[in-house]
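One structure below.
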Amino acid sequence: MKSIHVSATVNGDAVEFICAPDESLLDVLRNRLGLTGAKEGCGTGDCGACSVTLDGRLVCSCLVLGAEAEGATVGTIEGIADGDTLHPLQQSFIDHAALQCGICTPGILVAAKSLLEKNPNPTDTEVRYWLAGNLCRCTGYDKIIYAVQDAAKKMRSA
Amino acid sequence: MRYVAATTAEEASALLAAETGLAKVLGGGTDILVQMRAGMVEPALLVDIKKIPGLREIKSEAGGFRIGAGVSGAELMRHSAFATTWPGALEGFNLIGSTQVQGRATMAGNLCNASPAGDAVPGLVAAGATVRIQGPKGQRDCPIEDVPVSPGKTSLAKGEFITSIFLPAKPARTGDAYLRFIPRTEMDIAVASAGVCLTFDASGTCTAARVALGAVAPTVIVAHDAAKTLIGTKVDAAALDALQAAATALARPISDKRGTADYRRETVGVLARRAAQIAKTRAGA
Chain X
75 MKSIHVSATV
85 NGDAVEFICA
95 PDESLLDVLR
105 NRLGLTGAKE
115 GCGTGDCGAC
125 SVTLDGRLVC
135 SCLVLGAEAE
145 GATVGTIEGI
155 ADGDTLHPLQ
165 QSFIDHAALQ
175 CGICTPGILV
185 AAKSLLEKNP
195 NPTDTEVRYW
205 LAGNLCRCTG
215 YDKIIYAVQD
225 AAKKMRSA
Chain U
4 MRYVAATTAE
14 EASALLAAET
24 GLAKVLGGGT
34 DILVQMRAGM
44 VEPALLVDIK
54 KIPGLREIKS
64 EAGGFRIGAG
74 VSGAELMRHS
84 AFATTWPGAL
94 EGFNLIGSTQ
104 VQGRATMAGN
114 LCNASPAGDA
124 VPGLVAAGAT
134 VRIQGPKGQR
144 DCPIEDVPVS
154 PGKTSLAKGE
164 FITSIFLPAK
174 PARTGDAYLR
184 FIPRTEMDIA
194 VASAGVCLTF
204 DASGTCTAAR
214 VALGAVAPTV
224 IVAHDAAKTL
234 IGTKVDAAAL
244 DALQAAATAL
254 ARPISDKRGT
264 ADYRRETVGV
274 LARRAAQIAK
284 TRAGA
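These protein sequence lines are chains X and U, in that order.
Counting with the working numbering, you get residues 75 to 232 for the letters of the first sequence.
Counting with the working numbering, you get residues 4 to 288 for the letters of the second sequence.
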């Protein structure tokens, strides 16, 4: 298999990488760029643990080829905090204990951030539907909804 | 496997035609990349069509809309003119998968995956949509319903792929709707589904009707005999009874883990009835 050279922007930084034609963007992020925040849960787009933004659109990075990222802008969990200052969503997840094992958390934070950018004042139902593609087997989801809503409230008054 | 991001439709078609091994089109990737991972398909060539100019655009054309084959559900959902004109065609497509899947999935991909239960298809068939196909010999247009021929198979010849889907101008007093049944509220595959598009005259009499039934045959059923029950009526209770009975009679479902054939026949009749009621309301009749 002939490797492909790709130039992209990840979390605001210009990056270049070489990948196999059938290599997922998730594998590129984790194995070639050292960004291990996005997790592989299912590898088939069902669990959302690998959620990233691609040109501003929420996607499963396991269902994107690394080669498709040529010229694209990718956003991952590693780009959410501002240096040592956590994003309001990250702080809210800690405050509300909206995680246990943490495997789903990076994907949920990326997805929730994407929701609040489009809709700063969602209803609980809108949060639940938006995050329906992010599976969590620990929390039962309620604490995640509370955390997202509390962060949304703080971000609206900030 | 080779990956090529084609820059023109002609180039993509030539690549697909010239490949001696299995050649596949990459649109949103939400089916093909899953199938590759599962080992169901092992393409020798994957042609990414999203960098072809126009394939990620929604354009107004002849009073209707031309939707590029690379346009995702999330992109189409935010096109307010399309959403208010053809809500039924849009709602079927937007039912597919999660937010993440909607960020990539395409109508053309759902059509070419050729699942009998593809949610994007019945609404497009009811709306009278057509596809534009690029092939080695040039372009051709064909009705949506002529693309899938059996589960997983399409009528596209080697080297052919869909570049856009066209929804025509919507006549006055016309409404469309799509309903499916699943045993949960989100992210499941239709047990049965129905897309309906109705046009009325100024007196509230139905003058044109298209009914498409999903997941009750190897491909979507264009239910002409069911649609006929509504034409010339006010789509009142008696007409809806006739529609429901006709839709049930036309269904040719299988029994599987999602539902028995009898259950699907019953359900598809009810869905056609309810979709017709919504279409009537949307038509303002």
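Each residue gets a CB set at the ideal place from its N, CA and C atoms; glycine is no exception.
Everything numeric in this text was worked out from a predicted model, so none of it was measured.
- Here DSSP, grouped into helix, strand and coil, assigns residue 116/X to coil.
- Shown here, residue 154/U sits in coil according to DSSP, grouped into three states, outside any helix or strand.
- When CB distances to chain X are screened at a threshold of 9 Å, the residues of the region 189–213 of chain U falling below it are 189 and 190, in chain order.
- Under DSSP, residue 142/U shares a beta bridge with 137/U.
- For residue 88/X, DSSP records a beta bridge to 83/X.
- Judged by DSSP in its simplified three-state form, residue 88/U adopts helix.
- Residue state for residue 238/U is assigned as coil, using DSSP reduced to three classes.
- At a cut-off of 8 Å between beta carbons, residue 4/U contacts chain X.
- Contact holds between the region 87–97 of chain X and the region 126–140 of chain X, because three or more Cβ pairs, one in each stretch, are under 8 Å apart.
- For a Cβ distance threshold of 8 Å, nothing in chain X lies close to residue 76/U: the least Cβ distance comes to about 10 Å.
- Of the candidates 81/U, 37/U, 168/U and 25/U, the residue whose Cα lies closest to the Cα of residue 114/U is 168/U.
- Burial state of residue 120/X is buried, judged by a 10 Å Cβ sphere holding 16 or more other Cβ atoms.
- Under the rule that a run must span 4 or more residues, the alpha helix (DSSP H) segments found entirely inside the region 237–287 of chain U read 240–253 and 264–286.
- Annotation for residue 80/U: 97 place their beta carbon closer than 6 Å to its own, counting only its chain and skipping 5 residues before and after.
- Considering only 263/U, 216/U and 11/U, the residue with the shortest C-alpha distance to residue 95/U is 216/U.
- In summary, residue 43/U is exposed, with fewer than 16 beta-carbon neighbours lying within 10 Å of its beta-carbon over all protein chains present.
- Chain U places a beta carbon closer than 8 Å to that of residue 132/X, counting this residue as a contact.
- Within the same chain, 115, 117, 150 and 151 come within 7 Å of residue 157/U by CB-CB distance, once the 5 residues on both sides are set aside.
- Under the 10 Å beta carbon count, residue 25/U is surrounded by fewer than 16 other beta carbons and is classified as exposed.
- As a beta-bridge residue in DSSP terms, residue 179/U pairs with 200/U.
- Counting of Cβ neighbours within 10 angstroms places residue 62/U among the exposed residues, the total staying below 16.
- Shown here, residue 206/U sits in coil according to DSSP, grouped into three states, outside any helix or strand.
- For residue 106/U, the closest alpha carbon among the candidates 168/X, 177/X, 188/X and 91/X is that of 188/X.
- Burial is judged here by how many other beta carbons sit within 10 angstroms of a residue's own beta carbon; residue 122/U has at least 16 and is buried.
- Interface annotation, residue 103/U: in contact with chain X, CB-CB separation under 8 Å.
- Counted as a single uninterrupted DSSP element, the alpha helix (DSSP H) harbouring residue 191/X occupies residues 179–192.
- Its chain contains 119, 153 and 154 as the residues whose beta carbon lies nearer than 7 Å to that of residue 221/U, once the 5 sequence neighbours on both sides are disregarded; these appear in chain order.
- With respect to chain X, the C-beta atom of residue 57/U has no partner C-beta closer than 8 Å.
- Inter-segment contact for the region 245–265 of chain U and the region 187–200 of chain U is present: three or more beta-carbon pairs are separated by less than 8 Å.
- Residue 183/X and residue 149/X have their C-alpha atoms spaced approximately 12 Å apart.
- Residue 148/X carries a strand assignment under DSSP once its states are collapsed to helix, strand and coil.
- For residue 10/U, no chain X residue has a C-beta closer than 7 Å to its own C-beta; the minimum C-beta separation is roughly 12 Å.
- In terms of CA proximity to residue 211/X, 172/X leads the group 125/X, 158/X and 172/X.
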